[in-house]
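Report on the structure given below.
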Amino acid sequence: MITNRHPSTAVRKTIYSLLAFSLLVLPALARAQNDVKIRDLTSAEGALPVRLMGYGLVIGLDGTGDRAIGGQSGGQTVQSVVNLLRRFNIEVPAEMMRMRNVAAVTVTAEVSPYLRAGGRFDINVASMGDARSLKGGQLFMTPLGTDVGSKNVASAQGSLVISEGGSSTRYTRIVETSGRVPGGGVIEADLPRPALAANTRLQLREPELGTATRIAAAINTAFGVNTAAVEDEGSVMVTLA
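Residue 241, in this note's numbering, is where the sequence shown stops; the numbers in between run on with no holes.
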């Protein structure tokens, strides 16, 4: 039973347990015998995701990187590599560098504000220059912040998984200038977290009355009758105090 002596801690722990509760909610997933967690279907009201960004280099490309020649087009990538080597006390004049196995990229992610230091998350990578493909590349260690010039709160690195673009029954278009690094991001500093109230509204990512009803039923089974009630097809109100 939750008491009101330490409401913030007690409620927070209960919310975490609630969001981690596994539930088969969609018939298609149930047939595949996959559990769907409430946290994957909803977000707590007010708990806006934190957007992270950074600038990095993808290395190890097979001649498909930026057409970078020092002093010509692609010079930004060359200078980035020069700066990177300088961090390792290696001096190479930019005008002497010619490369096709490196690409300059943007690195972005959306993470929960409740993710603590050491927590991992997926990241998105997209080419900034004229690279033909990022396939087979490795994202070099990249610092991430909440804005340009802001304090770094996370870092990212790892092997890219190339994204698939739009598809139909006959054709699938592979977009090789963008990709993902599953679990490639690591939080290095705790993020600002909004306070959780005793009464919390869970907002469905994809509003649907049947899903909302199943979520409320699962919460009531786990935490007691009348803990959760469906407000509409897009939200479930949870009362824990």
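Just so it is clear, CB atoms sit at the ideal spot from N, CA and C, and this is done for glycine as well.
Rounded straight-line distance, which links the Cα of residue j to that of residue i
| i | j | result |
| --- | --- | --- |
| F121 | D40 | 14 angstroms |
| G185 | T142 | 9 angstroms |
| D147 | V36 | 33 angstroms |
| R205 | P49 | 13 angstroms |
| V153 | Y114 | 13 angstroms |
| L134 | E110 | 22 angstroms |
| V82 | Q157 | 19 angstroms |
| M128 | S80 | 13 angstroms |
| L191 | R116 | 7 angstroms |
| V293 | G179 | Within the shown structure, residues of the chain are numbered from 1 to 241, placing residue 293 beyond reach of any answer. |
| L57 | R201 | 41 angstroms |
| A126 | A44 | 30 angstroms |
Residue i - DSSP class collapsed to helix/strand/coil
| i | result |
| --- | --- |
| D40 | helix |
| T213 | helix |
| N226 | coil |
| A94 | helix |
| T200 | strand |
| A218 | helix |
| L24 | Its pLDDT being 40, under 50, L24 is placed unreliably in this model, and the coordinates cannot settle the point. |
| A126 | strand |
| V175 | strand |
Residue i versus the options, residue with shortest Cα-Cα distance
| i | options | result |
| --- | --- | --- |
| S159 | G129, Q138 and A109 | Q138 |
| K151 | I215, L202, A44 and L52 | L52 |
| T213 | V230, T42 and I90 | V230 |
| N101 | R180, G65 and G210 | G65 |
| K187 | V78, T177, S112 and S43 | Here residue 187 is Ile; the residue named in the question, Lys, does not match the sequence. Cα-wise, what sits closest to I187 is S112. |
| D62 | T211, T108 and M99 | M99 |
| V238 | Q203, P207, L209 and G179 | Q203 |
| A94 | R87, V105, G149 and G75 | G75 |
Delimiting residues of the alpha helix (DSSP H) encompassing residue i
| i | result |
| --- | --- |
| S80 | G75 to R87 |
Endpoints, beta strand (DSSP E) assigned at residue i
| i | result |
| --- | --- |
| S159 | N152 to S159 |
| Y55 | V50 to I59 |
| D130 | Segment: none, D130 is in no beta strand (DSSP E) and carries neither H nor E. |
| E110 | V102 to V111 |
| V238 | S235 to T239 |
| P143 | Q138 to G145 |
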